[in-house]
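Residue numbers (my numbering): 43 to 557. Think of the CB as a built atom: it goes at the ideal place given N, C-alpha and C, for glycine as much as any other residue. One structure is given below, encoded as structure tokens.
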Amino acid sequence: MTSPLSAGDEDIFERLQQRKDPKVLEEQQQAVNERMQAILQKAQNRLSELLDQNSTLPCTVSSVQFLHAPNTRRSFLEKIVNPLLSANRDRPYTLSEALREISATADKLGRFDLFQQPISVHLDESQRDPTTGLRTIDVHFATREKSRVLLKTGTDLGNAEGSAYGNLLWRNVFGGAETLNLNASLGTRTRSAYQAAFETPVFGDPDFRFEVGAIASATQKSWASHEEVVRGGWSKLRWLSQSGHRHELGYNGFWRQVTGLAENASATVRADSGDSVKSSVFHSWVNDQRDHPMLPSRGYYAKVFNEVAGWGPLKGDVSFWKSEIETQGAIPIPIPGISGDSGISLTTGFRAGLLCPLGLDSSSQPQLSRINDRFLLGGPTDVRGFRLCGLGPREGVDSLGGDVYAAGSANLLFPLPRVGAEKPLRMQAFLNGGRLLPLRTSQKATPTSSGEVQDAVVSTISELQNGLPSIAAGVGIVYAHPAARFELNFSLPLVIRKGEEGRKGLQLGIGISFL
Numbered sequence: 043m044t045s046p047l048s049a050g051d052e053d054i055f056e057r058l059q060q061r062k063d064p065k066v067l068e069e070q071q072q073a074v075n076e077r078m079q080a081i082l083q084k085a086q087n088r089l090s091e092l093l094d095q096n097s098t099l100p101c102t103v104s105s106v107q108f109l110h111a112p113n114t115r116r117s118f119l120e121k122i123v124n125p126l127l128s129a130n131r132d133r134p135y136t137l138s139e140a141l142r143e144i145s146a147t148a149d150k151l152g153r154f155d156l157f158q159q160p161i162s163v164h165l166d167e168s169q170r171d172p173t174t175g176l177r178t179i180d181v182h183f184a185t186r187e188k189s190r191v192l193l194k195t196g197t198d199l200g201n202a203e204g205s206a207y208g209n210l211l212w213r214n215v216f217g218g219a220e221t222l223n224l225n226a227s228l229g230t231r232t233r234s235a236y237q238a239a240f241e242t243p244v245f246g247d248p249d250f251r252f253e254v255g256a257i258a259s260a261t262q263k264s265w266a267s268h269e270e271v272v273r274g275g276w277s278k279l280r281w282l283s284q285s286g287h288r289h290e291l292g293y294n295g296f297w298r299q300v301t302g303l304a305e306n307a308s309a310t311v312r313a314d315s316g317d318s319v320k321s322s323v324f325h326s327w328v329n330d331q332r333d334h335p336m337l338p339s340r341g342y343y344a345k346v347f348n349e350v351a352g353w354g355p356l357k358g359d360v361s362f363w364k365s366e367i368e369t370q371g372a373i374p375i376p377i378p379g380i381s382g383d384s385g386i387s388l389t390t391g392f393r394a395g396l397l398c399p400l401g402l403d404s405s406s407q408p409q410l411s412r413i414n415d416r417f418l419l420g421g422p423t424d425v426r427g428f429r430l431c432g433l434g435p436r437e438g439v440d441s442l443g444g445d446v447y448a449a450g451s452a453n454l455l456f457p458l459p460r461v462g463a464e465k466p467l468r469m470q471a472f473l474n475g476g477r478l479l480p481l482r483t484s485q486k487a488t489p490t491s492s493g494e495v496q497d498a499v500v501s502t503i504s505e506l507q508n509g510l511p512s513i514a515a516g517v518g519i520v521y522a523h524p525a526a527r528f529e530l531n532f533s534l535p536l537v538i539r540k541g542e543e544g545r546k547g548l549q550l551g552i553g554i555s556f557l
């Protein structure tokens, strides 16, 4: 027979039924976390001590195995890990050297974009080498291959254009980290675009790749009263130097058509209508030392692009040399009384370009640039406060583009109140400007002989500093998404040169590269 509950037992049940103070629970959880952190830290310190004590211990790497990589070729993996094996070295490792090389190999595997991150590494000590008496290590890379086929569809909105797109990415096509990328899009400005690109690493190096591709597109150039149809292909080598600089060297072959002229198209646009073939080689160099590609607060960026078309064996019916330079710098601005990064930064940017004719036309006169190849300037991603392609030469309603340009910008970015510096959201105040000019001699005439081309280049570059450029200022909000940068600005043109088109009011910009 059970006895009745005593007063003390009832107190126990009452205490169990009572809800604990959330603050007490938080303190208890914090104590548990601190204890676990202390245990982990102690284990890491012990491991570091063991590694330090045995860092000079000689050893060999006898074998390397991969787990869960069924779609990757054995020959491809062997090319990557063979340098790691002691059989391919002239001397044994020290333990610290072996661990460093194993870590570097795992990092190299990760840069192929084949496996889920992180790649786990397991080390086993096997029997001593009977010939040398050294300790031997077996390395196991525990990998998980990424999905081989990725299909993505969606819509894009930005820079006065809306589009729907589909993208098919096929990874590891032949088991050697090759990729096939197929894109199709339909939009308001780019009416249709179809593109295919095949890329493969060269010599088993994730930082040295070869790419070949083809494109067919039709784009409405509303600022110049025509449509451009492009068909062709390219091939290029991409590599990363030991100093971290990115290079591209390639060949372009495109058949371009200026068609679909509007009724009010200018005489210059009509003169450039029809077909043209561009055959060119190009090289680009990029050094990016920014802490964030979309919203930098410190560091610098530099890019140089050069292209030669129609020169020597390149053929084609356009012949020119085209160069562009782009730089950007960012510095953080400290605030007295605030420790750490304040989130306030000053960013400056500069871009410039030159398009110089190289060949002669059928009448032995310099072959002037076509509207397909000229520079365009103005809009929400470069010189804000002006309409899309609103700077430079115009004829009637058409923006004709130019052969020489320079543009610069200064942006002050600071966090929004109650948002915090760690969020990728900023307010900005900016001042930017630029000029875009056609090639003209010192007598302000179009060059008509080979001798006048050099005079025209020097004269046009000198003209950039005559008078104020077109300038605009404004304020806005910037959001740095991992895929693109979004800006919503209120702009006020301060200087508008004759014939150019400013834009006062709100302006939305979406892109990857901003001035």
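Item, Value
"Range covered by the beta strand (DSSP E) that runs through E269", "268-282"
"Identity of the residues DSSP links to T369 by a beta bridge", "A344, F392"
"Short CB-CB distance (under 7 Å) between A351 and chain D", "Included in the structure is just one protein chain, with no chain D present."
"Beta-carbon gap between L337 and P457 smaller than 7 Å", "no"
"Alpha helix (DSSP H) runs wholly inside the region 131-196, at least 4 long, in chain order", "137-152"
"Assumed close pair V103, L126 - CB separation to whole angstroms, cut-off 8 Å", "6 Å"
"Proximity winner among R231, G286, R288, P511, relative to K263 (alpha-carbon distances)", "R231"
"Buried versus exposed call for T301 [16 or more other C-beta atoms within 10 Å across all chains shown]", "exposed"
"Supposed contact pair L548 and F532 - C-beta distance, whole angstroms, cut 8 Å", "6 Å"
"Best match in T98, K84, S555, T310 for proximity to H334 [C-alpha to C-alpha]", "S555"
"Residue(s) in a DSSP beta bridge with T502", "Answer is none; T502 lacks a bridge partner."
"Boundaries (first-last residue) of the alpha helix (DSSP H) holding E120", "116-123"
"Residues near Y293 in its chain [Cβ-Cβ closer than 6 Å; skip 5 each side]", "S277, V323"
"Pair within 7 Å by beta-carbon distance, A498 and L481", "yes"
"V244 versus L151: straight-line alpha-carbon distance, rounded", "14 Å"
"Opening and closing residue of the alpha helix (DSSP H) in which V311 lies", "309-313"
"Spatially closest choice to H289 from Y236, N348, S308, T310, by CA coordinates", "N348"
"Selection from S441, K546, I538, D415 that minimises the alpha carbon distance to G476", "I538"
"Straight-line gap, D249 to N130 (C-alpha atoms, nearest Å)", "23 Å"
"Cβ-Cβ distance between T483 and E494 below 7 Å", "yes"
"Close Cβ partners of M43 (< 8 Å) along its chain, the five nearest in sequence each way excluded", "Any reading at M43 needs caution, since the residue's pLDDT is 46, under 50, leaving its predicted position unreliable; the model's value is listed next. Result list for M43: empty, nothing under 8 Å."
"Separation of L165 from N96, as counted between CA atoms", "15 Å"
"G490 and Q407 closer than 7 Å at C-beta", "The question names Gly, but residue 490 is Thr in the sequence shown. For T490 and Q407, yes; Cβs fall inside 7 Å."
"Supposed close pair L109, A219 - CB separation, criterion 8 Å", "Not a contact, Cβ separation roughly 18 Å."
"Residue range of the beta strand (DSSP E) that includes I519", "512-522"
"V537, enclosing beta strand (DSSP E) - first and last residue", "527-537"
"Range covered by the beta strand (DSSP E) that runs through M469", "467-479"
"Assigned secondary structure, W265 (DSSP; H/G/I helix, E/B strand, else coil)", "helix"
"Where A463 falls: helix, strand or coil (DSSP)", "coil"
"Own chain residues within Cβ distance below 7 Å of L510, not counting five before or after", "V537"
"R186 vs Q159 beta-carbon contact at 7 Å", "no"
"Pair within 7 Å by beta-carbon distance, R298 and V272", "yes"
"Pairwise C-alpha distance: S227 and A260", "11 Å"
"CB-CB length for D149 against S168, believed under 8 Å", "Their Cβ separation, rounded to whole angstroms, is 25 Å, which puts D149 and S168 out of contact at 8 Å."
"Exposure label - I513; buried when at least 16 CB within 10 Å", "buried"
"Sub-7 Å separation of S318 and V350 beta-carbons", "no"
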